[in-house]
Amino acid sequence: MEARILQSSSSSSGCFSGSIKRHRFSSILQTRNPLALSVRFPQKTTRTTRVLSMSKKDDDRESLSYKGSGVDIDAGTELVRRIAKMAPGIGGFGGLFPLGDSYLVAGTDGVGTKLKLAFETGIHHTIGIDLVAMSVNDIVTSGAKPLFFLDYFATSRLDVDLAEKVIKGIVDGCGQSDCALLGGETAEMPDFYAEGEYDLSGFAVGIVKKDSVINGKNIVAGDVLIGLPSSGVHSNGFSLVRKVVARSGLSLNDELPGGSTTLGEALMAPTTIYVKQVLDIISRGGVKGIAHITGGGFTDNIPRVFPDGLGAVIHTDAWELPPLFKWIQQSGRIEDSEMRRTFNLGIGMVLVVSPEAASRILGEAKNGDYVAYRIGEVVDREGVTYH
């Protein structure tokens with residue numbers, strides 16, 4: 001934590017070995033409650049799923065799963081349960097800190113093993129967009145406008161040209177979300193990472209008026225779920241994706257079956273940044289809750305915004321499953337329930353809105369202002385069911 005935002009200084013004598021400080025200006029927020037900035041842990045994980053076949057299982061190979069690929073969502077949920085005992089109040093997509101008549105909303109994330117595909121494809125100029133997207137998309141679910149972003153770039157041997165490409169993507173992502181790249185940390189740690197590899201983390205802070213915060217408290221049965229399309233897998237589920245690619249026998253340079261790009265290009269498509277679109281929709285009223293569809297998919301993320309006792313019905317025929325997800329499911333023989341708990345399936349953000357707001361949003365979509373789908377409704381029972 002020593003290299004996030006420090007007192008401004010022209011001297012580097014206080015830096016740790018191998019650290020490069022990058023910051024535009026700085027300020028230190030003194031607080032007696034360090035838990036107030038705890039962010040982005042899953043909360044409610046009640047699940048009710050119905051398997052609806054989305055593909056034919058045409059061979060006898062074992063069905064792949066996220067857990068079998070090395071990511072145990074249930075273990076993560078158990079850790080969150082234990083953390084909640086020590087830091088009560090966590091559970092949202094972003095952490096809220098009161099400041100006068102507003103809340104600062106903070107979020108942090110990485111891009112997971114999508115980095116492995118960046119190393120294999122040589123596509124480094126967009127991974128920074130992914131990094132920004134994962135944090136700013138989280139904090140906008142509270143209605144917060146992103147203010148600034150910080151990044152952490154770590155590698156064993158600093159390749160300046162490569163790092164510049166990555167940071168350029170971060171700058172682009174900040175531009176898309178209308179926030180400042182305030183600072184960061186470049187850590188060179190010999191022998192820690194494989195040659196040519198690096199790791200990334202990002203941190204975003206935004207602001208929202210207390211009387212405008214989106215918190216899901218007013219959601220009722222009969223409210224409508226509006227889905228905004230994703231650009232692809234975004235930045236979750238890549239441990240499973242990489243297993244699917246290995247099983248398929250395809251090269252990342254091969255054409256995606258049913259698609260118009262190579263497999264590598266489709267998988268590396270940068271995560272959609274929803275900030276400007278979502279803030280515009282919020283400004284016209286009727287938005288009660290927002291779920292960023294990341295790790296945990298539909299099944300775990302949508303219930304996080306509901307009051308106790310409520311759940312959702314999702315209409316799986318409301319939008320077309322993109323070719324990339326069809327290929328992932330077919331090649332990995334992945335069960336529908338696993339797909340729904342791992343991937344965004346073409347919907348990266350879900351808005352819970354009043355019926356009146358739904359009519360307005362869908363009317364604007366019909367006029368070509370943007371793409372949005374009515375994907376379901378809120379119901380009087382917990383969990384997510386699929387029709």
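If you count by UniProt numbering, then the sequence shown holds residues 1 to 387, one letter each, in order. Where is the CB? At the ideal position from N, CA and C, for every residue including glycine.
Assigned secondary structure, residue i (DSSP; H/G/I helix, E/B strand, else coil)
i	result
P229	strand
I28	Unreliable positioning characterises I28 in this predicted model, as indicated by a pLDDT of 31, which lies under 50. The coordinate reading is nonetheless provided below. Reduced to three states, the DSSP call for I28 is coil.
R374	strand
F203	strand
F93	coil
E195	coil
P42	With a pLDDT of 35 at P42, under the threshold of 50, the modelled position of this residue cannot be trusted; read the value that follows with caution. In this structure, P42 counts as coil in the three-state DSSP scheme.
K116	helix
D380	coil
F16	Residue placement at F16 is poorly supported in this model, since its pLDDT is 32, which falls under 50; the coordinates still yield a value, given next. In this structure, F16 counts as coil in the three-state DSSP scheme.
K217	coil
E356	helix
T261	coil
L64	coil
L99	strand
Proximity of residue i and residue j at Cβ, strictly below 9 angstroms
i	j	result
G110	S201	yes
T271	S230	yes
G289	G216	yes
R372	I226	Arg is not the amino acid found at residue 372; the sequence shown has Ala there. Against a cut-off of 9 angstroms, the Cβ pair of I226 and A372 comes out as a contact.
P323	L345	no
Y66	E320	no
M349	L267	no
G296	V208	no
N236	F343	yes
A291	F93	yes
V353	V136	no
L252	L117	yes
A84	F97	no
E382	G309	yes
F203	A154	no
L158	T186	yes
K210	S102	yes
D72	T294	no
G112	Y152	no
G332	L79	no
D380	A180	no
W327	G259	yes
I214	I282	yes
Residue i: first and last residue of the uninterrupted alpha helix (DSSP H) it sits in
i	result
K288	Per DSSP, K288 belongs to no alpha helix (DSSP H); it is in the beta strand (DSSP E), V287 to H292.
T385	Note, T385: premise wrong, no alpha helix (DSSP H); beta strand (DSSP E) at G383 to Y386.
G173	V160 to Q176
residue 399	Nothing about residue 399 can be reported from this structure: the residues present for the chain run from 1 to 387 only.
S135	I127 to I139
Top-ranked residue by Cα proximity to residue i, from the options
i	options	result
V166	N137, T113 and G122	G122
I302	P323, L279, Y274 and R340	R340
I129	G173, R81 and A204	G173
P146	I273, G376, S69 and L263	I273
R374	D380, T316 and D161	T316
V313	G196, L115 and V384	V384
L150	S156, D138 and L131	L131
K114	T126, Y103, G107 and T108	T126
V233	A357, D72, G264 and I281	G264
G76	Q277, V160 and D300	D300
S69	D101, K85, R381 and I334	I334
A358	D223, L104, Y193 and T108	D223
N218	Y386, G363 and V378	V378
A318	E164, G112 and Y386	Y386
L104	F148, D72 and R81	F148
residue 472	Y152, S177, V71 and K326	Residue numbering for the chain in the displayed model covers 1 to 387; residue 472 lies beyond these limits and cannot be assessed.
S156	A365, E197 and A133	E197
L99	G206, V241, F325 and R242	G206
T108	N367, E120, A133 and R284	A133
Residue range of the unbroken beta strand (DSSP E) whose run includes residue i
i	result
A187	A180 to E188
V80	No beta strand (DSSP E) holds V80; the alpha helix (DSSP H) holding it covers I73 to M86.
K145	K145 to T155
V353	I347 to V353
S102	S102 to D109
G249	Where G249 is concerned, there is no enclosing beta strand (DSSP E), given that its DSSP letter is neither H nor E.
Residue-level contact to chain C via CB, residue i, 9 angstroms cutoff
i	result
L158	Of the chains in the structure shown, none is chain C; there is only one protein chain.
>> So within the region 266-338, which uninterrupted alpha helix (DSSP H) runs reach at least 4 residues, ignoring any that extend past its ends?
In response: 275-283, 297-301 and 323-332
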